[in-house]
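Residue numbers (this note's numbering), protein chains in the order written: chain A, 291 to 455; chain B, 9 to 689.
C-beta: ideal position from N, C-alpha, C; glycine also.
Please read these numbers as outputs of a predicted model, since none were measured by experiment.
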Amino acid sequence: MSTVSIPEVQTDKGFLPRQTKLLLGAFVILGAIGFIVFNSLAGNQQYFMTLSEMRAKGDLAARESVRVGGNLVPNSTKIDTKAVTAQFTLTDGQNNVLPVYYKGILPDTFEKSTQVIAEGKLDQNGVFQASLVLAKCPSKYDPSQIDWHSSADPGNLNYSTGTGN
Amino acid sequence: MAILGSISIFVALVVAVYTTFAAVIGARKRIPELIGSARNGILAYTALMTIAIGIIVIALYTHDFSIALVANSTSRELQTIYTITALWSSQAGSLLFWSWILSLYSAVVVLRKWDRDRELMPYVIATLMALQTFFAFMLAFISSPFARWWAVGNNTVMALFPPAGAQLFVPADGQGLNPLLQNPAMAMHPPMLYLGYVGFTVPFAFAMAALITGRLGPEWLRTTRRWTIAPWMFLSIGLLLGGRWAYDVLGWGGYWGWDPVENAALMPWLVGTAFLHSVMVQERKGMLKVWNIGLIIITFSLVLFGTFLTRSGIITSVHSFTESDIGIWFLTFIAGVTLAATMLLFTRLKDLKSERDIDSLLSRESLFLLNNLLFVGAAFAVLWGTIYPLFSEMVMGTKLTVGPPYFNQVAAPIFGTVLLVMAIIPLVGWGGATGAKLLRKLVLPAAISVVFAVVIFALGVRDIVPLAGYFLATLVIVSTVSELIQGTLARAKNTHEFFPIAMRGLIERNRRRYGGYLIHIGVAMLAIGIIGSQVYATDTTRALKQGDSMEIRGYTLTYESLSPNFPSGEGQITSATLGVFRDGKRIATLSPSRGFYPSSGETATTPAILSTPQEDLYVIIGGWENNFATVTFRAYVNPLVFWLWFGGFFMVVSTLIAAWPDEREEARVRVEGLARQAARA
Numbered sequence: 291m292s293t294v295s296i297p298e299v300q301t302d303k304g305f306l307p308r309q310t311k312l313l314l315g316a317f318v319i320l321g322a323i324g325f326i327v328f329n330s331l332a333g334n335q336q337y338f339m340t341l342s343e344m345r346a347k348g349d350l351a352a353r354e355s356v357r358v359g360g361n362l363v364p365n366s367t368k369i370d371t372k373a374v375t376a377q378f379t380l381t382d383g384q385n386n387v388l389p390v391y392y393k394g395i396l397p398d399t400f401e402k403s404t405q406v407i408a409e410g411k412l413d414q415n416g417v418f419q420a421s422l423v424l425a426k427c428p429s430k431y432d433p434s435q436i437d438w439h440s441s442a443d444p445g446n447l448n449y450s451t452g453t454g455n
Numbered sequence: 009m010a011i012l013g014s015i016s017i018f019v020a021l022v023v024a025v026y027t028t029f030a031a032v033i034g035a036r037k038r039i040p041e042l043i044g045s046a047r048n049g050i051l052a053y054t055a056l057m058t059i060a061i062g063i064i065v066i067a068l069y070t071h072d073f074s075i076a077l078v079a080n081s082t083s084r085e086l087q088t089i090y091t092i093t094a095l096w097s098s099q100a101g102s103l104l105f106w107s108w109i110l111s112l113y114s115a116v117v118v119l120r121k122w123d124r125d126r127e128l129m130p131y132v133i134a135t136l137m138a139l140q141t142f143f144a145f146m147l148a149f150i151s152s153p154f155a156r157w158w159a160v161g162n163n164t165v166m167a168l169f170p171p172a173g174a175q176l177f178v179p180a181d182g183q184g185l186n187p188l189l190q191n192p193a194m195a196m197h198p199p200m201l202y203l204g205y206v207g208f209t210v211p212f213a214f215a216m217a218a219l220i221t222g223r224l225g226p227e228w229l230r231t232t233r234r235w236t237i238a239p240w241m242f243l244s245i246g247l248l249l250g251g252r253w254a255y256d257v258l259g260w261g262g263y264w265g266w267d268p269v270e271n272a273a274l275m276p277w278l279v280g281t282a283f284l285h286s287v288m289v290q291e292r293k294g295m296l297k298v299w300n301i302g303l304i305i306i307t308f309s310l311v312l313f314g315t316f317l318t319r320s321g322i323i324t325s326v327h328s329f330t331e332s333d334i335g336i337w338f339l340t341f342i343a344g345v346t347l348a349a350t351m352l353l354f355t356r357l358k359d360l361k362s363e364r365d366i367d368s369l370l371s372r373e374s375l376f377l378l379n380n381l382l383f384v385g386a387a388f389a390v391l392w393g394t395i396y397p398l399f400s401e402m403v404m405g406t407k408l409t410v411g412p413p414y415f416n417q418v419a420a421p422i423f424g425t426v427l428l429v430m431a432i433i434p435l436v437g438w439g440g441a442t443g444a445k446l447l448r449k450l451v452l453p454a455a456i457s458v459v460f461a462v463v464i465f466a467l468g469v470r471d472i473v474p475l476a477g478y479f480l481a482t483l484v485i486v487s488t489v490s491e492l493i494q495g496t497l498a499r500a501k502n503t504h505e506f507f508p509i510a511m512r513g514l515i516e517r518n519r520r521r522y523g524g525y526l527i528h529i530g531v532a533m534l535a536i537g538i539i540g541s542q543v544y545a546t547d548t549t550r551a552l553k554q555g556d557s558m559e560i561r562g563y564t565l566t567y568e569s570l571s572p573n574f575p576s577g578e579g580q581i582t583s584a585t586l587g588v589f590r591d592g593k594r595i596a597t598l599s600p601s602r603g604f605y606p607s608s609g610e611t612a613t614t615p616a617i618l619s620t621p622q623e624d625l626y627v628i629i630g631g632w633e634n635n636f637a638t639v640t641f642r643a644y645v646n647p648l649v650f651w652l653w654f655g656g657f658f659m660v661v662s663t664l665i666a667a668w669p670d671e672r673e674e675a676r677v678r679v680e681g682l683a684r685q686a687a688r689a
């Protein structure tokens, strides 16, 4: 390092040595950050459930907001663009199904997505009232999911022929 | 061509292994020829990776669907620019891109710094190439960019080498690129992020070389100074572009969702910011040596973790576009690198004693220390929230998640304190200041900021959090600007220069310091934008018939016309025209649109935005009734978002000013280098 000496500034008149104060200060700050983290965590964590867990612990989902993940049942989506609501059904591939009602606009990736995450509460009728819907990555972009032979002609792609909703 | 490409990757793997060993053995046995050969190894690796990536780019450009990467992520209708940028939308392509950028950086390092850091260089090369060995291995065996589709009976299989009895399968057209990625910001976002990510490898390699050689003085810091600020700048640009992409494309009116993938890019930026500041303390005062090496190790580990998180989809995430089997390899690699680096640090602990103690609690160095604690604390808080679902599932057996409320609640106090530190740091010198002196300097900026806060209060902002935030951001701007003005006035008095010229002279004389101050001003503007848009955004959704209107915060939006299903690129675009009225006067026309992409069956919403410094009016098409009888629009008003982008831009330009080569400093370093060589001779 250079040999320029920095003038000593003595501001320290307390009974604790400066280094101890510094260390103490650092611990106070880290402690404060730790406190904020755990405090915020306690107030904001949500259960992430599968459909079978939802069936087992339905009362929990009725009491507090939870997240639930499942596969979208094909052609179960009904969108009312006028009222801006959507209904769809999730399944876990076994016997569990969950009807979901959502007031809002579904994400762009929704229609072709297979996995969906919904956040909200279960109502008395067993319908999941979602306040947030996330569509998980469309399988189209996962190379292992590409099925080149799904059309009659193996050399051609199978275009789906939807026209939007 | 694909054969040539995969051969280059296999040869590159061999070169990487050879170079690593040549560099280490050359340095240990003191064989200059071997070290020279290692240097050529770096250049050879760069050439080989350039060939590989060149072949892929040509294949993308010419629609060579015999290569799976091209078939999986492009199509004939895709616009040319996006056929090229599709490179980094695939996993193999992005790994190749990572390795290629690192090879370019490495080549620059050995070509430019060869004479300056002779002792460190062999181990810098060894570290870089040991890391490259991993990437070349992944590219050669696990995730090859030159894999092809093979037809085996009724199935198609993606593989580099043909499975038994398989025939090459070349699809007539590709699968197309995810429409959400067909956006200019998204085309530029990954390269910027990667330039940043990969750039941090260079200071990491120098830190490792310093640990191995025991040359733990300020040389490695001085050499890597610009290698730290440049990646930090690219990472900043990458984060801003990512936010801009989300704002322009995802159509939910926001720019940041605390998604794991976003957090993955934010964490290395946070720790990198801490590192950027604490190296200055070591250069100036010879303190924080262990801390600095620790920070660069953490930054680099987070970079690898970020690459891994984006590429593996281990944590359920809305935009983890690629999922695959590289996870376990990457995790092992990250654990290995972090462990090795940390162990190396521990063996050198006794050589990393501070040259002096902190003189004063109220000094620039202790405020830098505070800044470091805050940034590392913030990174920890973000990391904890990001991996919490995994952690809770493993430890408690139930999966618990935390969303944006957790992150916002944690971020507000930490970054509020960061703003406070930023406000007082220009007023506190190295070595120390007295509280009385600081208070005297702070009176004017504080008074101005209080007046500003009172005005905002009078305008209707009544919540304590945004009021405090605005007050602190204003305090940062006023105190920094007043420091700049005072410095300029002092200079103008001596040199009799015109004010703007004097200011330019002042900044040029100490680019790092004043460039840093300008960055702080940018950050404060950015903070104002974030506070305004996070706290005071509103939205309304309405289904409208042609000619109908909707109201939002003083704006009247009239739905005037519609152009349904217009063919464009891979998709068909439906766009609407809305007249925007305020106080009865037409002020703008907005055209939100919604694209439908038949090849993937997907939709992509494009918002129309009327942006002013005061607020953004942001409109999307939410959907329509079957015959377009009504169209549903969702409108958002996001106050002050403009300042987020403008502040970000200001920050990046200021970083350029801070990092711009300074002839005087270059000369000083050259002289020091010569002196060191003379001392050895």
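Give a yes or no on whether the minimum CB-CB distance between residue i and chain B is below 8 angstroms.
| i | result |
| --- | --- |
| Lys430 (chain A) | Unreliable positioning characterises Lys430 (chain A) in this predicted model, as indicated by a pLDDT of 44, which lies under 50. The coordinate reading is nonetheless provided below. Chain B contact via Cβ: present. |
| Ala408 (chain A) | no |
| Met291 (chain A) | With a pLDDT of 42 at Met291 (chain A), under the threshold of 50, the modelled position of this residue cannot be trusted; read the value that follows with caution. Met291 (chain A) counts as touching chain B. |
| Asn334 (chain A) | yes |
| Leu320 (chain A) | yes |
| Thr371 (chain A) | yes |
| Lys368 (chain A) | no |
| Val423 (chain A) | no |
| Thr457 (chain A) | What the structure shows of chain A is the stretch from 291 to 455, and residue 457 (chain A) is not part of that stretch, so it cannot be assessed. |
List, in chain order, every chain B residue whose beta-carbon is nearer than 9 angstroms to that of residue i.
| i | result |
| --- | --- |
| Phe338 (chain A) | Thr324, Pro397, Ser400, Glu401, Thr406, Lys407, Leu408 and Thr409 |
| Leu312 (chain A) | Asp365, Ile366, Leu369, Ser374 and Leu377 |
| Gln309 (chain A) | Asp365 and Ile366 |
| Ala316 (chain A) | Leu377, Leu378 and Leu381 |
Which residues in chain B sit within 7 angstroms of residue i, going by Cβ to Cβ distance?
| i | result |
| --- | --- |
| Ser330 (chain A) | Tyr414, Gln417 and Val418 |
| Gln414 (chain A) | Within chain B, no residue comes near Gln414 (chain A); the closest Cβ sits about 24 angstroms away, beyond 7 angstroms. |
| Arg357 (chain A) | Thr409 |
| Val327 (chain A) | Ala389, Trp392 and Val418 |
Who are residue i's beta bridge partners in DSSP?
| i | result |
| --- | --- |
| Thr409 (chain B) | A:Gln336 |
| Glu610 (chain B) | B:Tyr605 |
| Pro647 (chain B) | B:Glu623 |
| Thr597 (chain B) | B:Gly587 |
| Gly468 (chain B) | Answer is none; Gly468 (chain B) lacks a bridge partner. |
Just reading off the alpha helix (DSSP H) that residue i is part of, what are its end residues?
| i | result |
| --- | --- |
| Pro239 (chain B) | Glu227 to Trp253 |
| Thr620 (chain B) | Neither: Thr620 (chain B) is in no alpha helix (DSSP H) and is coded neither H nor E. |
| Ser16 (chain B) | Ala10 to Arg36 |
I believe residue i touches residue j by the beta-carbon criterion, under 8 angstroms. Please report the beta-carbon distance rounded to the nearest angstrom.
| i | j | result |
| --- | --- | --- |
| Trp240 (chain B) | Thr281 (chain B) | 7 angstroms |
| Ala666 (chain B) | Arg517 (chain B) | Not a contact, Cβ separation roughly 13 angstroms. |
| Val132 (chain B) | Ala213 (chain B) | 5 angstroms |
| Thr135 (chain B) | Ala217 (chain B) | 6 angstroms |
| Val649 (chain B) | Ser557 (chain B) | So it is not a contact: roughly 24 angstroms between Cβ atoms. |
For residue i, which residues in chain A fall below 8 angstroms Cβ to Cβ?
| i | result |
| --- | --- |
| Glu633 (chain B) | Thr371 and Lys372 |
| Leu296 (chain B) | Neighbours of Leu296 (chain B) on chain A: none; closest Cβ ~12 angstroms, over 8 angstroms. |
| Ile66 (chain B) | Per Cβ cutoff of 8 angstroms: no residues; Ile66 (chain B) is ~21 angstroms from chain A at best. |
So which residues on chain A does residue i lean against when the C-beta distance must stay under 7 angstroms?
| i | result |
| --- | --- |
| Ser642 (chain B) | According to the sequence shown, residue 642 (chain B) is Arg rather than Ser. In chain order: Ile395. |
Between which two residues does the beta strand (DSSP E) carrying residue i extend?
| i | result |
| --- | --- |
| Tyr626 (chain B) | Glu623 to Trp632 |
| Pro690 (chain B) | Nothing about residue 690 (chain B) can be read from this structure; chain B reaches only from 9 to 689. |
| Gly579 (chain B) | Gly579 to Arg590 |
| Leu389 (chain A) | Position check: residue 389 (chain A) holds Pro in this sequence, whereas Leu was assumed. Start and end: Val387 to Lys393. |
| Val358 (chain A) | Val356 to Leu362 |
Could you tell me whether the Cβ of residue i comes closer than 8 angstroms to any Cβ of chain A?
| i | result |
| --- | --- |
| Glu270 (chain B) | no |
| Ala31 (chain B) | no |
| Glu559 (chain B) | no |
| Ile422 (chain B) | yes |
Strictly below 9 angstroms CB to CB, what residues from chain A border residue i?
| i | result |
| --- | --- |
| Thr638 (chain B) | Thr371 and Lys372 |
| Gly259 (chain B) | Ile395, Pro397 and Asp398 |
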